[in-house]
Amino acid sequence: MKAVALMLKAIHSQESKEAAREKAIQVAEKLKAMKLAKAAQKVEDSIEETLNYRDFPTRHWTRIRTNNTIERLNREIKRRTKAISAFPDRQSALMPVCARLRHVAATN
518 MKAVALMLKA IHSQESKEAA REKAIQVAEK LKAMKLAKAA QKVEDSIEET
568 LNYRDFPTRH WTRIRTNNTI ERLNREIKRR TKAISAFPDR QSALMPVCAR
618 LRHVAATN
């Protein structure tokens, strides 16, 4: 899965929005070749949403991409999933993540 993460990062490391779109198409094709059709479909369906930040000046990109609340939530999810260490299936891996997201949504 590290290879998939690197491919996704490569999309956003392109110098222009057009180059990122082209890279996304290449990544989707590679994902299909790796028999990850759902992931490929997700890349194809959501690439425009993930590239919206490029419509703003470069100095604003970090503020658009992340903030302290998002980073804290990501750290908390990572902490909870590492504590469990091994999940029997995908559904059980999603349970602590979804529980945390529901908690955050309910308190905000």
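Each residue of the sequence shown is one higher than the one before, counting from 518 in this note's numbering. Beta carbons are placed, not taken as given, at the ideal position from N, Cα and C, and that holds for glycine. Just so it is clear, the structure is predicted and the values come from calculations on it, not from any experiment.
Item, Value
"Among Lys547, Val521, Ala522, Phe573, whose alpha-carbon lies nearest the alpha-carbon of Lys534?", "Phe573"
"Kindly confirm or deny that the segment 548-566 and the segment 578-585 touch, where touching means at least three C-beta pairs closer than 8 Å.", "no"
"Which one of Glu539, Gln543, Lys547 has the shortest CA to CA distance from Met518?", "Lys547"
"Taking 8 Å as the threshold, find out whether the segment 586-596 comes into contact with the segment 612-623 through three or more Cβ pairs.", "yes"
"What does the alpha-carbon distance come out to for the pair Pro605 and Thr598?", "13 Å"
"From this set, Gln543, His620, Ala622, Thr567, which residue's C-alpha is nearest His529's C-alpha?", "Thr567"
"So, is Ala603 buried or exposed, given that buried needs 16 or more other C-beta atoms within 10 angstroms?", "exposed"
"Starting from the N-terminal side, write out each stretch of the alpha helix (DSSP H) that is 4 residues or longer and does not extend beyond the segment 543-609.", "554-567, 578-582, 585-601"
"For Arg571, which residues from the same chain have a beta carbon less than 6 Å from its beta carbon, with the 5 sequence-adjacent residues on both sides left out?", "Lys534"
"Grab the span of the alpha helix (DSSP H) containing Met524 for me, first residue to last.", "519-529"
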